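Asks: With the working numbering applied, the sequence shown has no gaps in its numbers, which climb one by one up to 1159 at the end. First the structure, which I've put down as C-alpha cells, then a few questions once you've had a look.
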Amino acid sequence: MADQIPLYPVRSAAAAAHRKRAAYYSAAGPGSGAEWPSSRYQLEDESAHLDEMPLMMSEEGFENDESDYHTLPRARTARRRRGLERFVCGGWKLLCASCCDWLVNICQRKRELKARTVWLGCPEKCEEKHPRNSIKNQKYNIFTFIPGVLYEQFKFFLNLYFLVVSCSQFVPALKIGYLYTYWAPLGFVLAVTIMREAIDEFRRFQRDKEVNSQLYSKLTVRGKVQVKSSDIQVGDLIIVEKNQRIPSDMVFLRTSEKAGSCFIRTDQLDGETDWKLKVAVSCTQRLPALGDLFSISAYVYAQKPQLDIHSFEGTFTREDSDPPIHESLSIENTLWANTIVASGTVIGVVIYTGKETRSVMNTSNPKNKVGLLDLELNQLTKALFVALVALSVVMVTLQGFVGPWYRSLFRFLLLFSYIIPISLRVNLDMGKAAYGWMIMKDESIPGTVVRTSTIPEELGRLVYLLTDKTGTLTQNEMVFKRLHLGTVSYGADTMDEIQGHLRNPCPQMQSQAGGNNASSTPPRKAQSSAPKVRKSVSSRVHEAVKAIALCHNVSPVYESRAGVGGEAEYAEADQDFSDGNRTYQAASPDEVALVQWTESVGLTLVSRDLGSMQLRTPSGQIQTYCILQMFPFTSESKRMGVIVRDESTAEITFYMKGADVAMSSVVQYNDWLEEECGNMAREGLRTLVVAKRALTEEQYQDFESRYSQAKLSIHDRALKVAAVVESLERQMELLCLTGVEDRLQADVRPTLELLRNAGIKIWMLTGDKLETATCIAKSSHLVSRTQDIHIFRPVTNRGEAHLELNAFRRKHDCALVISGDSLEVCLKYYEHELAELACQCPAVVCCRCSPTQKARIAKLLQHHTGKRTCAVGDGGNDVSMIQAADCGIGIEGKEGRQASLAADFSVTQFRHIGRLLMVHGRSSYKRSAALGQFVMHRGLIISTMQAVFSSVFYFASVPLYQGFLMVGYATIYTMFPVFSLVLDQDVKPETAMLYPELYKDLTKGRSLSFKTFLVWVLISIYQGGILMYGALLLFESEFVHVLAISFTALILTELLMVALTIRTWHWLMAVAEVLSLGCYVASLAFLNEYFDVAFITTVTFVWKVSAITMVSCLPLYVLKYLKRKLSPPSYTKLTS
C-alpha cells in the first residue's frame, strides 16, 4: 500500500504527530541497536501511515511542528518553477523525440525475454530464435551514417540557421552575394565533421570485428570444430582454454581440473580482480569422457535473461537415467561472457547470447556528448538571432513598409546574417583539435589519449568526480603489514622475530604431539585448562600463524611443464613442491596476501583440494589437515570459518576470521581488540580478527548431524544453517589481529586533495565490500581523519528508507557510506531527498554497486544538480558510468583496456587527472570562451557597420562589402590572429597546479555568460558605429573612399582587439598579427574593383584610417588598464 502514497504529508492531530516522533526517536536514535529490528518490523505494517511522519527536509523540522508539513525539497519546487519554461522550450524537442521513438519501435519491436530450456549440444531444438552472439559498439550502419551525422549537426540552432540562409541564396530575389560565400564555410564544417565521425566509426567497427572473429572450439558429435565467436548459438557446447575470454553466458558442465572446479577472472564484468571459484555440474563432471556428453539426454532450464550478475536460478535434468537426475544450478555453476578462465580448460553449454548476456545488458548505449560551452554558445546564437530579427523589423519599419516589404525584410535578415558567424563553428572545432593535440603532447602526463575531441572544455567545468576504487585509486596489491597478539605487535621491520619463534618448535605443541600419538582424541583436561594458563609468546605466535595458514580459501597452483598429458600426474601428492613454480589462487587478494606472508615467515601452504590441505613447516616437515567443514565469507556474516582435523594428532579445531564488528561478539572478553582495530584502520589497514575453538569428537559429531539436517530443510534453510553455525561461535579464543594494506596508486592522496581544493566533490562507487570501501576512503584521505562517517543502514522497504533518511538528515558535515541495495530502495521512493542530502556531503562512498547503478548515479547527479560530472574507471564494469557521465576518463591498468577505449580521455595513472583538469581543462575552457566571444564580436561589428550604412542611405537593403571582401574578412585577414587565442594563457601551468582554487571560479561559468556577452555586444556597437560614422564623416567626394577607409580601419581594429584580449604573448601570436597585416597590404594591389589604389597610397588615407582606428580602440585600452588597476582578476594577484 505504501507504494501508492505520495510523500506529501497530510495533516493529522498534533498529538499523533508527537507520538510518532517519539517512536521514531526511540527507534532510530543513538544507542538503540537492540530496539532497531523490532521497530523495523512494526514499520512494515504501519507504512500506510508514513506520511503522518514526514521526511523532514530542514533541521528546524525536528523542533517545530508546523514546519514539518510545509518544508519540501528545493529540487521539487525548482522543478515546478521551471515547468513552463521547459514546456515551451522542450515542446519541439519532445515532438521530434516521440516521432523518432515511434519509428524505432515500429522498426524493431522489443522481444519479450523468456525463460528457456536448452538441450545439451542441440541448438536446433531451441523453441525460439535467440539473438546473434556478436558485439556491436557502432553508433550507425552504412544507411544511417549520413542522415545520423547530419541530424547531430543540424539539431544545433547555429548550423540549421546557416543551412536556411545558404539555401535562400538559390532564390534570385533574395540573392545578396556569391553562392560560395555561404556554401563554402558550411560545406567545410560538414566535411570535417563527417570525416571525423567516419574515422571514429571505422575504428569501432574494427574493434568489434576483432572480438567477433575470435575462434573457439565447439564440441559436436563428429568431434571438435572451430567456430567464430559471432556464430555461437544457444545450446552449443563450447570449450574454453585457460586465459581465453568466455564468449557467451554458459552453464559450467566440465573441467580438466581434478577437483571439478575452476577459477575465473571477472574484472571486466564487476571490476573485482579477485578470482571467483566456479563449480562444474557434478552429473556431467563425473562422465568418463568428453564424448559422453552426446550419449546422454539432458537439458538445462534457465531463468529469463536479467541484469543481476550476482544471481542465477536454473536446473539441470538428465532424462535417460532411472530415476531422472535433477540438480539445482546457482551462480557458482555459471560462466558469464567477458570473464576469463584462470585455471584449466572448461566446457559449458551456451544459455544466453549477444544482447541477452549479462555483460551486454549491463552496458548502456554510448551517447553523443555535447559540451556545456557548446550549449551556452548555442543559447547566445539564439539571442543573436532574436536581435537580428528585431534589427531587420526596425529597418523595414523605418523604411515605412514600402512595396513588397516582406522581401525587404528577408533581404535585411540576410544582410545582417553576419551577426551569427559561421566561422564560430569552424574556429571552435579547430580549437578543440588543438587542445587535444596539446594534451597528448604534454610530457608531464605521458600516454594520455584524447578519444573524444569535441569536449575538452568539459574538463574545466567539473563539479562531481565519480571514481571506481579497485585499480583506479588502489593498485589492488595487498601487503601484510601488522600482526597484533594483544601484548605484542609485529610490524614490517620485526617479522624476523616471528621467523625465529617458528624455527624453534613450540614446547607445548611438542608435548601434545608426543602424548597424543597413541590415543585418537586429545585429552579433555588439557583443553579445558588451556585458557587459564598464561601461554608464552612463542606458543601464541605458533598458534596465530598456523590459524592464518589454515583459515582461508586459497589454492596453490603449480604451472605444468609437462603439457596437457602430464597435468593429471602433476597434481598427485608426491609431486615436487618447488617454491618458484607455485602461485596462489583465491577469491580475494587479502587471502593471498595472508598466505604469502605465512610462507615468508616459514609456514607454507603446499597443496589443497576440496577435502584436505598440507602445510610445510620451517624444518621441512609436511603437516596434513583434513577439511571437515568450510563456511565461506558472505556480506551478511562478514566472517569465514573452517573446521579441520590434524591428521597427526586427530585434534579437531574450528578456526574463524572476520571483520572486527562481526568477531567482537564471539570471542572471549579482552580489553585491546577494539582500540587496536581503530589504530590500524586509521593507518588505512584492512583488519581481520582471527580466533579458534578446539572441539572434541563428540562435539563435532553433534554439530555435523544438526548442520546436515539444517541444510536439507526446505523452509528457512539459510536461517536454520546460520543458527547451527552460531552455536559453535561462542567463547572463541582470540588469537590475533592482522593488518593488510591495499597499496594506493602513486600520489592518490595529493591528487584527491588537489581536486577537493578545486571545489570538486568526489564520490567513490565500487563493487567491493563496505568495510574495504570505507577503509580505502580513509587511507586515500577521500574522507579526512577528523570527519564523521555515516554508514547508511541496510534498508529493504519504504518505511525503513524513510527512517534512515531522517536519521541521516540530522548529521552535519559527514561522509556518507551506502550500499547498492539500500541505494536502489531509496532511489525508488525518495530520489529527490536522497540526491539533495547526498550532494551536501563532502564525500560519498557507494559500495556493492552494479555497473548499471554506477551509470544511474551519474545520471542522477546530472538531472538533480545540473552540474557537470566526470567518471573515472579502469574496468569493463565502469564503461556504463564513463559513457553516462558528461566526461569519462579511463585508466589503462590491470583490468584491461575496455574502460580506456570507451572513455573520452585515457590516462595511464590516476595522478595525471590533476594536471588534466587544473591545467588543460581550465585553459581549454578559458580559451574557447574568449575565442567564441571574439568571433561573435567580429560578426557583430560588421553588422553594426551595415546597419549604420543602410540607415544613412535611406534604409536600402544593399550590402556594404561584397564578394571577396566579406570572405577575406572572415578568413585570410583576421583568421590567424583570432585563432591564435587558443595559445593564450592567464597563468603558468605550475601556478594552476599550485593554486587549485583558481579552478573553482570556472564552475560558475563567468568566462562565458550573458554578462560578458553583453560587454562584447556594446564594444561591437561602439566600434562599428565609430568606424562607419568616422568614414562617412571623413570621406570627400567618392563613395569608394568610404569603403577603403572603413574596411582598412576595420581590419586594423580587429588586429588591435586581438592584441588587447591576449593575456600572455606567444611568438606564434605575433607572427599571426604581422602575417595578417602583410596579407592585407599585399592584397590591396589586386582589389581594384573595390578600392581606388591611387587614393590608398596618399597621406590623407593614412591619417584618416589612423584617426578612426585610434578613436575605436584607445578608450578600450584605457578601460582595460583601469579595470586591471582597480579590480584585478584573481589570477593576477598570484602572478604579480
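Don't be surprised by glycine CBs; every beta carbon is placed ideally from N, CA and C. Owing to the predicted nature of the structure, the values given are computational and were not obtained by experimental measurement.
Let's see if you can read the secondary structure: which residues bound the alpha helix (DSSP H) around A325?
Replies: Not the alpha helix (DSSP H): A325 falls in the beta strand (DSSP E), residues 321-325.
Asks: My understanding is that C870 touches T819, with C-beta atoms under 8 angstroms, so please give their C-beta distance in whole angstroms.
Replies: About 17 angstroms; that fails the 8 angstroms criterion.
Asks: By how many angstroms is the C-alpha of N450 removed from the C-alpha of T1155?
Replies: For T1155 and N450, the distance between alpha carbons rounds to 28 angstroms.
Asks: Can you name the residues that DSSP bridges to H349?
Replies: Its beta-bridge partners are T340.
Asks: Quick check: what's the CA-CA separation for G426 versus N164?
Replies: Approximately 51 angstroms, taken between the alpha carbons.
Asks: So, with DSSP's three-state summary, where would you put E595?
Replies: Below a pLDDT of 50, predicted positions are generally treated as unreliable, and E595, at 40, falls in that range; the measurement from the model is reported next regardless. Correct three-state label for E595: coil.
Asks: What is the DSSP secondary structure of S191, reduced to helix, strand or coil?
Replies: DSSP places S191 in helix when its eight states are reduced to three.
Asks: Taking buried to mean at least 16 other C-beta atoms within 10 Å of its own C-beta, is M653 buried or exposed?
Replies: Flag for M653 reads exposed.
Asks: Would you mind listing the beta strand (DSSP E) stretches within the segment 276-315 that are 3+ residues and don't spill past its ends, in chain order?
Replies: You should have 284-288, 298-302.
Asks: Give me whichever residues DSSP pairs with T647 in a beta bridge.
Replies: The partner list for T647 (beta bridge, DSSP) reads Q637.
Asks: Check whether the Cβ atoms of H575 and V502 sit closer than 9 angstroms, and answer yes or no.
Replies: No, these two residues do not count as a Cβ contact at 9 angstroms.
Asks: When the Cβ atoms of the segment 425-442 are set against those of the segment 183-191, are three or more pairs found closer than 8 angstroms?
Replies: Short answer: they touch.
Asks: Can you tell me the Cβ-Cβ gap for I374 and V257, rounded? I've got them flagged as a contact below 8 angstroms.
Replies: Going by Cβ atoms, the distance from I374 to V257 rounds to 6 angstroms, so yes, they are a contact pair.
Asks: Using beta-carbon positions only, say whether L1031 and L447 come within less than 9 angstroms of one another.
Replies: No.
Asks: Taking the straight line between their C-alpha atoms, what separation do you get for S1003 and K159?
Replies: The alpha-carbon atoms of S1003 and K159 are separated by roughly 41 angstroms.
Asks: Using only CA atoms, which one of R753, S966, D836, N829 lies nearest to M989?
Replies: Selected option, being the one with the closest Cα: S966.
Asks: Could you round the C-beta distance between A282 and L633 to whole angstroms and report it? I think they count as a contact, below 8 angstroms.
Replies: Contact flag correct, Cβ pair sits at about 6 angstroms.
Asks: On the CB-based measure, 16 or more other CB atoms within 10 Å of its CB, does W1088 come out buried or exposed?
Replies: Flag for W1088 reads exposed.
Asks: Tell me which residues share the same chain as S534 and place their Cβ nearer than 8 angstroms to its Cβ, disregarding the 5 neighbours each side in the sequence.
Replies: Confidence at S534 is low in this model, with a pLDDT of 40, below 50, so the placement of that residue should be treated as unreliable; the coordinate-derived value is given next. Cβ within range, chain order: n/a, list empty.
Asks: Using CA atoms only, rank isn't needed, just tell me which of Q956, N385, V895 is closest to L489.
Replies: Looking at the Cα atoms, V895 is the closest of the given residues.
Asks: So, with DSSP's three-state summary, where would you put V1162?
Replies: For residue 1162 there is no data in the structure shown, the boundaries of the chain being 24 and 1159.
Asks: Among the candidates W142, Q921, I332, S157, whose CA atom is the shortest distance from the CA of F317?
Replies: For the residues W142, Q921, I332, S157, the minimum Cα distance to F317 belongs to W142.
Asks: What number of angstroms, rounded off, separates the C-alpha of K680 from the C-alpha of V713?
Replies: Taking the straight line from one Cα to the other gives about 4 angstroms.
Asks: Do R268 and K162 have their beta-carbon atoms positioned less than 9 angstroms apart in this structure?
Replies: The answer is no: Cβ separation not under 9 angstroms.
Asks: I need the straight-line Cα distance from L777 to T1026, nearest angstrom please.
Replies: Using only the alpha carbons, I get a separation of about 16 angstroms.
Asks: Measuring CB to CB, does L1041 end up less than 9 angstroms from T1132?
Replies: Against a cut-off of 9 angstroms, the Cβ pair of T1132 and L1041 comes out as no contact.
Asks: Just to confirm my understanding: we take Q1008, look at its own chain, exclude 5 residues before and 5 after, and list those with CB closer than 6 angstroms. What are they?
Replies: Correct list, in chain order: S946, T1087.
Asks: If you run the structure through DSSP and keep just helix, strand and coil, what is P270?
Replies: Coil.
Asks: Quick one: Cα of C862 to Cα of E150, how far?
Replies: Taking the straight line joining both Cα atoms gives about 50 angstroms.
Asks: Taking all protein chains shown into account, decide if S642 is buried (16 or more other Cβ within 10 angstroms of its Cβ) or exposed.
Replies: Exposed.
Asks: I believe V930 touches I169 by the beta-carbon criterion, under 8 angstroms. Please report the beta-carbon distance rounded to the nearest angstrom.
Replies: The Cβ separation is near 34 angstroms, so there is no contact.
Asks: Indicate whether the contact test is met: 3 or more Cβ pairs, each with one atom in the segment 479-499 and one in the segment 892-911, closer than 8 angstroms.
Replies: These segments touch.
Asks: Going by the DSSP bridge assignment, what does V141 pair with across the sheet?
Replies: DSSP output for V141 lists V323 as bridge partner(s).
Asks: Would you mind reading off the limits of the alpha helix (DSSP H) that contains P874?
Replies: Element bounds for P874: 874-888.
Asks: Residue range of the alpha helix (DSSP H) that H960 falls in?
Replies: Note, H960: alpha helix (DSSP H), 945-975.
Asks: If you measure between the beta carbons of T795 and R709, is that distance less than 9 angstroms?
Replies: Contact: yes.
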